[in-house]
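These protein sequence lines are chains A and B, in that order. Under full-length UniProt numbering, residues 1 to 173 are what the first sequence spells out, in order. Under full-length UniProt numbering, residues 1 to 919 are what the second sequence spells out, in order.
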Amino acid sequence: MALRELSSLEKYLGLKKPNKYTTQGDKKVPVLQNNNGPPLVGLVTIGCHLVKEAKRPKLLGDSAESRAVVQQWLEYRVTSLDGCSKEDNKTILKDLNLYLQDKVYMAGSQFTLADTFMYFGIHPLLVDLAIQEKEQYVNVTRWFDHIQHYPGLRHHLPPVAVLRNRIYTSKHH
Amino acid sequence: MKLFVSEGNPHCLKVLAALEVSGVQCDVQYVNHEERVVPFLSRPALPALILPSGLHLFSSNAICRYLFEISGQDSSELCNQWLEWEATDLQPALLQALHMAVLQGKGSEVSKVLQGPLNYLEQSLSKGNTPYLTGEAVSVADVVLWAALYPVLSDSSLALGERTSVKAWFDRGAVMHSCQSAAQKVLQGKGLQGMKSYMQRQPASQSSQCRGTQPCNSNPAEGEESDRAVSAEEMEAAALTWSKDLHACPLATDRQHPILPQEGRRNLLVTSALPYVNNVPHLGNIIGCVLSSDVFCRYGRLRGWNMLFICGTDEYGTATENKAREEGLTPQQICDKYHAIHSNIYKWFQIDFDFFGRTTTEKQTEIAQNIFWRIHKHGFLVEDIVEQLRCEKCQRFLADRFVEGICPHCSYPEARGDQCDKCGRLINAVELREPQCKVCRQTPVIRSSKHLFLDLPKLEAQLVQWLEKSTSTGDWTANAKQITRSWLRDGLKPRCITRDLRWGTPVPHPDFKDKVFYVWFDAPIGYLSITANYTDEWEKWWKNPHQVELYNFMAKDNVPFHSVVFPCSLLGAQDNYTLVSHLIATEYLNYEDTKFSKSRGVGVFGDMAKDTGIPSDVWRFYLLYVRPEGQDSAFSWADMAMKNNSELLNNLGNFINRAGMFVAKFFEGCVPSMELQQEDKKLLALVGWELQQYIQLLDKVKIRDALRHILNISRHGNQYIQVNEPWKKIKGGDTERQRAGTVTGVSVNIACLLSVMLLPYMPTVSQTIRDQLNAPQSCVNTMLQGTGTFVCSLSAGHRIGTVSPLFQKLEVDQIEALKKKFGGQQKTAQSPGSTQPAAVPAAAAAAEATTVNGVDPEKAKQLTQAVTEQGEKVRALKTQKAEKAVITAEVAKLLDLKKQLALAEGKSPEPAPQKGKKK
């Protein structure tokens, strides 16, 4: 799973030579063998490394504050999203929905690596939701739909239909 | 910039240490653990840093990294890696370790949990050969890891073992004055115990255990289907099962009444919460109890358990008296009328009770009074004086629902005696201002009256002991356990069991002779009396806890009465009663994201379901598909149509129909001979696995989850047919024709298995499939034995019947029409007793609805009508030259209606009334 994400990221970043990854442990943590140093371990660590390699530092944030926010959501992805139980799903979606209420991207108004990895991580949660459940999380689905249509990003995941594009939230029928 | 921390929180130790090491200036505020600083998170998250821009950071590692960055120390790649490791690997282990050490007193076992991460750290440090994690100088990674590990490494009692490099590194960190002073601030010198109150508020280490083993965030049923690898052994085992014979045991559907417990069998007594007789049940009521228990009972019979399924109408109480008054009938007539309605509805939904009784019977009086006297004899009743409202004109004490008045909290003029509909607060009827008898509108007086109370505190110790056993050995749903726990935590108080009413079971005690039992005491005894009306040997079920397992099905609002109050009655009676072993409670089913409401006419009610023209089986399927299992769910027409069309029609129905049609068309109606190849065996193994899951889930009463596995099987089947294309192969040579035969034979046998698995959910469709396939009845008894046995029950040469489609498409316009019809605001007068003009109730209901900010053409239409009528009324009054005050009042009403109309038409985006926008 993580490996597919990394290869999608490579493609998005336009890296010419695909890297070779291995995994370690029960949780299949990705490992990148690095020519000029010790191997890099962990999805976030490798993701940040790829961004630097592609010379796109802005994807990690363009100020100390936004860098901190990006790192926070990257960590959130690998701690809270990965391995969350089914009961947690609802809370996560509810929280994110509130967070994204006044934001276009995870770190505010700029697309960052946090959007990429959060998108990969949220995908399995949204895929299973019925349309009317998705409607409870309009901000998440709006963000999600936006990111899944971001040029060159979706590679390994099927698109999720975010149907019934309503201009008002419908509580009563 | 402001940092919020709390004492005893190990994550706060990290940020305080980072703050000191980095030397950044920042306001620090200590708050309670429960303080929600980050507005968008449901759970309190500390530490939290509010950035100058107003953004919130709630991850301690992100905060530490930020503090280092603004002090001029960027973190390296290696540093990032350590932080990620800390968050994903070390923290789950630490959380579990702290949970064990601080809360469970299992300090000695901590070293096992931490051994992995500590060894990894030791290796890295010794291999790197630098004093700090990332080199010669302290980095944010050192501070974070040091602070994370401080609580466990500084406690020598945990005996974590000797790791020289870790120790040297840790002591180096410890010399840093700043880290130690941070530790002092957070733990207050109390060591591990300083974190006790913090740890108690953590969602236990379950989550960390889950994290440690395997990620489970995708739907287990669907997520694993594609990735599941089937081993060669599994395939061979499945093929072996396939070749077994059908059981020839007696038919599961043959039931000999009366059913009594039998030695050597699993004897299950299943009850569904007794529905109140005074109203027509809605879909939420149906899925909550009768339908869920019916599925379980049908399943249990297939499993070969000895089941008795009991239910009935709950008929006593104020609600019935009230309804009788409304409809101008006697309470008994009301009960007779509605009992028949309930009975018919359940029959239509194919609820297969062994007995559907009622509570207004002699057996009820006999058993209730017997239990009462036993409780009395054992000293579990206390007397007390209760102040109540009495209407002198009606000559009776007024039950809470018979009083109306002004709410003492919010001054709403139409508050009821038990609750205010406006502010929602509970009210004690005697607190109402200007109370009125709902029947005669006289002002009642306060009178005191003597009542009996069940002494719950005295029974608490017994109750707790029994609960511990029952909840740990039985299958109690999580909400049932949790609601019960919270009742116990709040402390039990004596509960009044008598009422000054007429319609109830009379209290036999001479000092309380004009009183009846309060319904909550009386109603659950109905389970016993209904069984007694079914068989004289009822005590074999109800006084036989060693042979009988009792399952109670209900919606969650009913839990405390079944887990605390009723068990106390039975424990107090001391007569070896069978107490509940498995308490199955659902959450709520909403209607299109709102609540079912009889008074507003919102939702589908039991008696209307059949008028929709949608078959009972499809209703059952959809209700069970959205069963509020574990969380609230919603009934939605569009979703129902979608599930019918995609799951029933295109998936399940399509597969079964194709399988049957191939046999009929290509093989003259006789099942062809089958030669299993690897691919077929793999399918058998996959199907067998789904069957196994289905059984495991239904054994635990996970009804909704089990249904998914049925649909998975037909998905596998469709794929199998699609890949093998028997319709092409049948035209080929001998080998190809043989292949077509095998695929068809396997498919039609899967269809047969599906018919059995569907039986609890869709009994009619299940039977239709077997009729079409002419399947032997014995397949029903065979397939669900043990962990699931998928045998070939239609062998080569078997002649099938006539195959026809099982489901029909639900069209969009059909569903839209139904949605409109049941969406509320049906103008048919709901209460014939109402004498108010027609426009007023519609307006009142509309006012309620518009507060939810909905544009609603249907409502707008009705409001337009109401506005026209009200306008005519005003004009008429004016031409009649009526009194000014009267006209003003009517004009005010008109303006109000117009305002609501504007909202319903979406002309004003704000739900709040806007003075200047009247049109």
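Ideal placement from N, C-alpha and C gives every residue a C-beta, glycine not left out.
Item	Value
Coil, strand or helix - B:Ser834 by DSSP	With a pLDDT of 36 at B:Ser834, under the threshold of 50, the predicted position of this residue should be treated as unreliable, though the coordinate-derived value follows. The answer is coil: DSSP assigns B:Ser834 none of H, G, I, E or B.
Whole-number beta carbon distance between B:Asn712 and B:Val743, since they are thought to touch under 8 Å	Going by Cβ atoms, the distance from B:Val743 to B:Asn712 rounds to 19 Å, so no, they are not a contact pair.
Spatially closest choice to B:Glu434 from B:Leu459, B:Val403, B:Ala48 and B:Asp455, by CA coordinates	B:Val403
B:Val516 versus B:Gln364 - alpha carbon distance	13 Å
Check whether B:Leu121 and B:Val166 have beta carbons under 8 Å apart	yes
Proximal residues to B:Arg627 (C-beta, below 6 Å), its chain only, five neighbours per side dropped	Ile287, Ile703 and Arg704
Enclosing alpha helix (DSSP H) for B:Phe566 [first to last residue]	Phe566 to Ala573
Coarse secondary structure for B:Gln395, derived from DSSP in three states	coil
Of the residues A:His123, A:Arg154 and A:His156, the one placed nearest A:Thr141, counting alpha carbons only	A:His123
Short CB-CB distance (under 8 Å) between A:Tyr76 and chain B	yes
Min CB distance A:Gly152 to chain B below 8 Å	no
Short CB-CB distance (under 8 Å) between A:His155 and chain B	no
Cβ neighbour criterion (16 or more within 10 Å) applied to B:Asp254	exposed
Where B:Lys543 falls: helix, strand or coil (DSSP)	coil
Contact set between B:Asp639 and chain A, taken where Cβ atoms lie within less than 8 Å	Ala130, Ile131 and Gln132
Whole-Å CB distance - B:Asp607 paired with B:Ile345, under 8 Å assumed	6 Å
Residue environment, B:Gln862, which counts as buried when at least 16 other CB atoms sit within 10 Å	buried
Proximity of B:Val102 and B:Leu46 at Cβ, strictly below 8 Å	no
Any chain A beta carbon closer than 8 Å to B:Phe553	no
Cβ contact check for the region 688 to 695 of chain B and the region 781 to 788 of chain B: 3 or more pairs under 8 Å	yes
C-beta atoms of B:Met762 and B:Asp617 nearer than 8 Å	yes
Inter-residue Cα distance where the pair is B:Asp500 and B:Ala399	8 Å
Beta carbon of B:Ala573 nearer than 8 Å to that of B:Arg708	no
Chain B residues whose Cβ lies nearer than 9 Å to that of A:Val41	Gln81, Glu84 and Trp85
For A:His149, three-class secondary structure by DSSP	coil
Start and end residues, alpha helix (DSSP H) containing B:Phe355	Counting along the chain, B:Phe355 falls outside any alpha helix (DSSP H), though it belongs to the beta strand (DSSP E) covering Phe355 to Arg358.
Delimiting residues of the alpha helix (DSSP H) encompassing B:Ser448	Careful: B:Ser448 lies outside any alpha helix (DSSP H), inside the beta strand (DSSP E) at Val445 to Leu454.
Contacts of A:Val104 in chain B (Cβ-Cβ under 9 Å)	Near A:Val104 there are no residues of chain B at all, since even the closest Cβ is about 14 Å away, more than 9 Å.
Start and end residues, beta strand (DSSP E) containing B:Tyr591	Leu589 to Tyr591
C-alpha distance - B:Leu877 paired with B:Thr864, whole-angstrom precision	20 Å
Interface partners of B:Glu69 on chain A, CB under 8 Å	Ala64, Arg67 and Ala68
Residue 924 of chain B (DSSP reduced to helix, strand or coil)	This structure cannot settle anything about residue 924 of chain B, because the visible part of chain B is limited to 1 through 919.
Where the beta strand (DSSP E) containing B:Ala585 begins and where it ends	Val580 to Thr586
Reference B:Leu21, options B:Gln81, B:Val140, B:Thr88 and B:Arg36, closest by Cα	In the sequence as presented, Leu is not what sits at residue 21 of chain B; that position holds Val. Ranking B:Gln81, B:Val140, B:Thr88 and B:Arg36 by Cα distance to B:Val21 puts B:Val140 first.
Local Cβ density within 10 Å of B:His339, reported as buried at 16 or more and exposed below that	buried
CA-to-CA distance, B:Val270 to A:Gln136, given in whole angstroms	36 Å
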